[in-house]
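Notes follow once the structure below has been shown.
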Amino acid sequence: MNTEFLEALKDLEKEKGIAVDILLEAIEAALLSAYKRNFGSLQNARVHIDRETGDFKVYSQRTVLENVEDPRLEISLEEARAINPGFEFNDIVETEVTPRNFGRIAAQTAKQVVVQRIREAERNIIYEEFSNREGDIINGVVQRVEQKNVYIELGKTEAVLAPSEQMPSEDYHQGMRLKAYIVEVRKTTKGPQIMVSRTHPGLLKRVFEMEVPELHEGVIELKSIAREAGYRSKIAVYSRDDNVDPVGACVGPKGMRVQAIVNELNGEKIDIIKWDPDPSKFVASSLSPAKVVAVEVWEEEKVARVIVPDYQLSLAIGKEGQNARLAAKLTNWKIDIKSESQMEEIYKQEGYTDYYQEDYAE
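The sequence shown begins at 62 in this note's numbering and counts up by one.
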């Protein structure tokens, strides 16, 4: 090692952000291990690299004791004072023991340490970058598909799209470009592992923020999301500005904004609903596209009974209950859907001759 080696470490410090002192301390520790492994594992030793010249030396360390039992670890006071008269009992005496042929081992060891530290530094940089982006969207290219896991290339690293986070309506293949939501960034021995999702509701939220400037700027607020990825989603939006229609802004001119999102999500249907502080109105809107006649609410239990025309019953419930299920998730209310004829029968049994009606259709 020499001054050129130190200059190279300083260049690395500027380029990779790894402090020279940290590198030198790591090299010293690695050289000590190499020395003990090759030349004398039973003795105490220390390796020192000169910060000015780059020269390295190995020193044995022995403790000054009255009764010497192991001369590799201990030294008498008389011997110690022959080296330096100032030594006292329990002092540490260092003697240079640098092997003649240690240079080759030192150079190889130093190279390995530097390469390892560079890798660690790069991994830490990637980890810090992506751990701060949890809850954000990444754009990437599918690199490969292995055991149903999809690996997405992100420049210096890759993200993993696990089977549970994949949309059932999508077929992933090499070279495919896609957006994904960063769910978690894990630290592993092989570097950061970035777990992403195509099914997370956060993906829908982020793509809307990208497509709708009013959402990004905070004029419109996305109050809640209910999603069954690959099939259908509902979002509830609210405008802080009375002059801005939240639903219209999300749909966009000629439906361009929402259509771009539908295309990104491979045809997933999206219902955009105006949020309302009145639970009965919000519940009624949540069942869109079904027409609602009336809503009865029990606020403490967060239960709503929704009355729809007979011909709208199947639309309100949806295929396999999907529309009703998404509405319940969106509003966080338990929703009981009844047709007008069913309610007439219920009210007759309860002794009422008529029932309350209110038109919620917009």
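We put the beta carbon where it would ideally sit given N, CA and C, even for glycine.
Assigned secondary structure, residue i (DSSP; H/G/I helix, E/B strand, else coil)
i: E189; result: helix
i: I296; result: strand
i: L239; result: strand
i: K352; result: coil
i: M424; result: The chain is shown only over 62 to 423; residue 424 falls outside these bounds and no answer can be derived.
i: S341; result: helix
i: L283; result: strand
i: H109; result: strand
Euclidean distance between Cα positions of residue i and residue j
i: L93; j: A167; result: 10 Å
i: E74; j: V81; result: 6 Å
i: F100; j: D131; result: 17 Å
i: V358; j: V344; result: 9 Å
i: E139; j: N151; result: 13 Å
i: T170; j: G164; result: 10 Å
i: A389; j: A241; result: 26 Å
i: N327; j: K395; result: 30 Å
i: Y398; j: D306; result: Here the sequence assigns Ile to residue 398, which means Tyr is not the residue at that position. Straight-line Cα distance between these residues: approximately 28 Å.
i: V319; j: V268; result: 10 Å
i: V202; j: K77; result: 26 Å
i: I179; j: T249; result: 16 Å
i: K251; j: N162; result: 34 Å
i: V367; j: L222; result: 39 Å
i: Y96; j: E86; result: 15 Å
i: Q177; j: D72; result: 16 Å
i: T218; j: H234; result: 18 Å
Cβ distance (whole Å) where residue i is taken to contact residue j below 8 Å
i: A91; j: V174; result: 5 Å
i: V246; j: P253; result: 6 Å
i: A297; j: E275; result: Contact doesn't hold; Cβ gap of about 15 Å is too wide.
i: R133; j: V154; result: At roughly 12 Å, the Cβ-Cβ gap does not stay under 8 Å, so R133 and V154 are not in contact.
i: T260; j: E226; result: 5 Å
Contact set for residue i: own chain, Cβ-Cβ below 6 Å, skip 5 residues either direction
i: D332; result: K295, S349
i: S137; result: V129
i: I255; result: F191, A220, V246
i: I88; result: A171, V174
i: A287; result: K295, L387, K390, L391
i: S121; result: Q104, A106, T156, V158
i: L264; result: Y242
Counted within 10 angstroms of its Cβ, other Cβ atoms place residue i as buried (16 or more) or exposed
i: Y372; result: exposed
i: M404; result: buried
i: H277; result: exposed
i: S341; result: buried
i: M228; result: buried
i: A69; result: exposed
i: S375; result: exposed
Same chain, Cβ closer than 8 Å to residue i, neighbours up to 5 away in sequence not counted
i: P370; result: K352, V354, S400, E401
i: R184; result: G252, P253
i: Q204; result: Y212, I213, E214, E219, Q235
Residues near residue i by beta carbon distance below 7 Å, same chain, minus five either side
i: K118; result: H109, E157, T159
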